[in-house]
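Report on the structure given below.
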Amino acid sequence: MLQQSPLQSITSTFKNNEAFFILCTQVAVLHMGQGLITPILPLYAQTFAVSITWVGFLLTSQSLPRIFINLPVGRWADRWGAHRTMATAAMIVTVSAIIGGLAPNYWVFLLTRLLQGVGTGMSQTSGFTYAATVSKPENRARYISLYQGSFLLGAGIGPVVGGVTAQYYGYRAPFFAYATFAIAVGLWMFFRLPDPRRVGSQSQLLRRSGPGFWISVRQMLGHRAVILASLLGFVSSYNRVSARNMGMPLQGDAMGFNESQIGLAISLLFIMNFVALYLVGALADRFGRKVMIVPSWLVTGGALIIIAVAPGYSIFLIGAAIFGLAGGVGGPIPAAYVADAADEESQGMAIGVYRTFNDAGMTVGPLVMGWIIDQANVATGLSINAGLIVIVALAFWFLAPEPQVREQVAGV
Numbered sequence: 000m001l002q003q004s005p006l007q008s009i010t011s012t013f014k015n016n017e018a019f020f021i022l023c024t025q026v027a028v029l030h031m032g033q034g035l036i037t038p039i040l041p042l043y044a045q046t047f048a049v050s051i052t053w054v055g056f057l058l059t060s061q062s063l064p065r066i067f068i069n070l071p072v073g074r075w076a077d078r079w080g081a082h083r084t085m086a087t088a089a090m091i092v093t094v095s096a097i098i099g100g101l102a103p104n105y106w107v108f109l110l111t112r113l114l115q116g117v118g119t120g121m122s123q124t125s126g127f128t129y130a131a132t133v134s135k136p137e138n139r140a141r142y143i144s145l146y147q148g149s150f151l152l153g154a155g156i157g158p159v160v161g162g163v164t165a166q167y168y169g170y171r172a173p174f175f176a177y178a179t180f181a182i183a184v185g186l187w188m189f190f191r192l193p194d195p196r197r198v199g200s201q202s203q204l205l206r207r208s209g210p211g212f213w214i215s216v217r218q219m220l221g222h223r224a225v226i227l228a229s230l231l232g233f234v235s236s237y238n239r240v241s242a243r244n245m246g247m248p249l250q251g252d253a254m255g256f257n258e259s260q261i262g263l264a265i266s267l268l269f270i271m272n273f274v275a276l277y278l279v280g281a282l283a284d285r286f287g288r289k290v291m292i293v294p295s296w297l298v299t300g301g302a303l304i305i306i307a308v309a310p311g312y313s314i315f316l317i318g319a320a321i322f323g324l325a326g327g328v329g330g331p332i333p334a335a336y337v338a339d340a341a342d343e344e345s346q347g348m349a350i351g352v353y354r355t356f357n358d359a360g361m362t363v364g365p366l367v368m369g370w371i372i373d374q375a376n377v378a379t380g381l382s383i384n385a386g387l388i389v390i391v392a393l394a395f396w397f398l399a400p401e402p403q404v405r406e407q408v409a410g411v
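Start counting the sequence shown at 0; every next residue gets the next number (numbering that gives the first Met the number 0).
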């Protein structure tokens, strides 16, 4: 029987798994709510009469709690079900958004950002675990890439809605809108989203008692495949915040581009990234994980070099487009690789380890890039990122165990 095209595969994935369709719809709505506050966060923080340094700390504070919450959440997802941790996360986000909208001073607002980091960390780790649990090894990359694409879709819509809301109703209004989205999603998950361990089979639920927390942690930290894929996650997040969010705008400014030109380049990057996410999963399930990850990472390194040495705006745009496309191909597949490598009773913990490395990369990325730029220049920072990506990709190719070859079935 002929293989399905990637687009046909996406349609059949949603049609054949109602729980996964609900998951993707909910995560898109929840991250649209999170995106509501993105464009006004620095402006709202400045109303508390604090320095730009403290405003900048707000932007990174959300990732700090995630480093510590991912492992416990992964274990809770294994023991009690990812659907419960996701519903709990939505309630935590609701509380943080309401208090954030009512915050009387900077320090209360900072606490709400830390609380929001706990909630969003719980949501992302348990969401990846849910997608891994309801899928099978032969279609897992497809599920995880669709899940990741869904929250990127929501996050892309949110800033537009948030900006309009703040313009007409003030800086506090997007926080209350965010709370409304979060509680609606939380209640929907609580009443409608089934236990992922029951979606596949009843026996899967019975097998998931699993080892104790610290035993599971030691097992995952000693698991070569999990650690190598988590290292990919670290470098991916490090590169995303340091090269995309920091390096590209600064390099564009150094080359004399105006704000509209820089914004267009970053928007093009996001568009290409989004398009790739909805196709890469089916390709990775068909051709394998490593064969998709490593070449895309090598291309990503090349794209950063193009951006760093671009002689003009057209080449800069080409580098941004290649960066977005290659990043979309190589981004979600390591999570599928991690889930494939872990035993069924430890998938949540494996995802927790992977997410911890991701959040650590997001935390240190801007700091290291800023130091490199201070010591040299932006182009040097982008070039060092490119070299790091190539080294890690080659290490993964030669050291990571080959994934098990599985029979591909049309329509899976």
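Cβ coordinates follow ideal geometry from the N, Cα and C atoms, glycine included.
Using only CA atoms, which one of the options lies nearest to residue i?
i, options, result
"Gly153", "Gly318, Gly34, Val184 and Gly351", "Gly34"
"Val352", "Glu17, Ala89, Gly80 and Thr128", "Thr128"
"Met291", "Ile332, Phe256 and Ala309", "Ile332"
"Arg285", "Glu137, Ser235, Phe397 and Ile214", "Glu137"
"Pro41", "Val26, Thr59, Met31 and Gln25", "Thr59"
"Gly162", "Glu258, Gly32 and Ser95", "Gly32"
"Val216", "Met348, Glu401 and Ile21", "Met348"
"Ser266", "Leu70, Gly287 and Asn244", "Asn244"
"Gly327", "Leu151, Ala359, Val160 and Trp187", "Leu151"
"Ile36", "Val26, Arg139 and Phe174", "Phe174"
"Ala340", "Leu276, Lys289 and Val274", "Lys289"
"Trp53", "Ile383, Val367, Arg112 and Asn69", "Arg112"
"Ala27", "Pro103, Leu57 and Thr119", "Thr119"
"Gln45", "Leu63, Gln25 and Pro103", "Pro103"
"Tyr43", "Arg74, Val160, Val92 and Gly99", "Gly99"
"Gly246", "Phe322, Ile21 and Arg354", "Phe322"
"Arg354", "Met188, Leu63 and Ile371", "Leu63"
"Leu70", "Asn357, Val293 and Phe315", "Asn357"
"Trp79", "Val367, Val92 and Gln346", "Gln346"
"Ala96", "Thr84, Ala86, Leu110 and Met85", "Leu110"
"Gln250", "Phe67, Thr379 and Cys23", "Thr379"
"Tyr146", "Ala335, Gln61, Ser382 and Gly73", "Ala335"
"Arg65", "Glu17, Leu231, Thr362 and Ile388", "Thr362"
"Phe273", "Ile388, Trp75 and Ile156", "Ile156"
Under DSSP, the alpha helix (DSSP H) around residue i begins and ends at which residues?
i, result
"Lys289", "Lys289 to Val308"
"Asp358", "Gln346 to Gln374"
"Val94", "Ala81 to Leu101"
"Ile36", "It is not in any alpha helix (DSSP H) - Ile36 carries neither H nor E in the DSSP assignment."
"Val389", "Val377 to Leu398"
"Ser158", "Residue identity differs from the one stated: residue 158 is Pro in this sequence, not Ser. It spans Arg139 to Tyr168 - the alpha helix (DSSP H) in which Pro158 sits, taken as one unbroken run."
"Val225", "Arg223 to Asn238"
"Pro331", "No alpha helix (DSSP H) holds Pro331; DSSP gives it neither H nor E."
"Ala183", "Ala172 to Arg191"
"Met247", "Met247 to Ala253"
"Phe127", "Tyr105 to Val133"
"Pro136", "It is not in any alpha helix (DSSP H) - Pro136 carries neither H nor E in the DSSP assignment."
Taking buried to mean at least 16 other C-beta atoms within 10 Å of its own C-beta, is residue i buried or exposed?
i, result
"Val308", "exposed"
"Ala130", "buried"
"Ala375", "exposed"
"Ser200", "Confidence at Ser200 is low in this model, with a pLDDT of 42, below 50, so its placement is unreliable and no value can be given for it."
"Leu393", "exposed"
"Phe190", "exposed"
"Leu282", "buried"
"Val107", "exposed"
"Phe19", "buried"
"Leu114", "buried"
"Asn257", "exposed"
"Val452", "This structure cannot settle anything about residue 452, because the visible part of the chain is limited to 0 through 411."
"Ile390", "exposed"
"Arg206", "Caution is warranted here: a pLDDT of 47 is assigned to Arg206, below 50, making its placement in the model unreliable, and the coordinate value is therefore given only provisionally. Classification for Arg206: exposed."
"Asp373", "exposed"
"Leu101", "exposed"
"Arg370", "Note on identity: in this sequence residue 370 is Trp, with Arg being the wrong assignment. Exposed."
Would you kindly check if the distance between the Cβ of residue j and the Cβ of residue i is under 7 Å?
i, j, result
"Ala399", "Leu303", "no"
"Ile39", "Tyr167", "no"
"Phe395", "Leu227", "yes"
"Tyr237", "Gly364", "yes"
"Gly280", "Ser144", "yes"
"Phe47", "Tyr105", "yes"
"Ala224", "Val377", "no"
"Ser125", "Ala81", "yes"
"Thr299", "Ala275", "no"
"Pro195", "Thr132", "yes"
"Ser241", "Met368", "yes"
"Gly318", "Ile305", "yes"
"Ala338", "Arg139", "yes"
"Ser134", "Cys23", "no"
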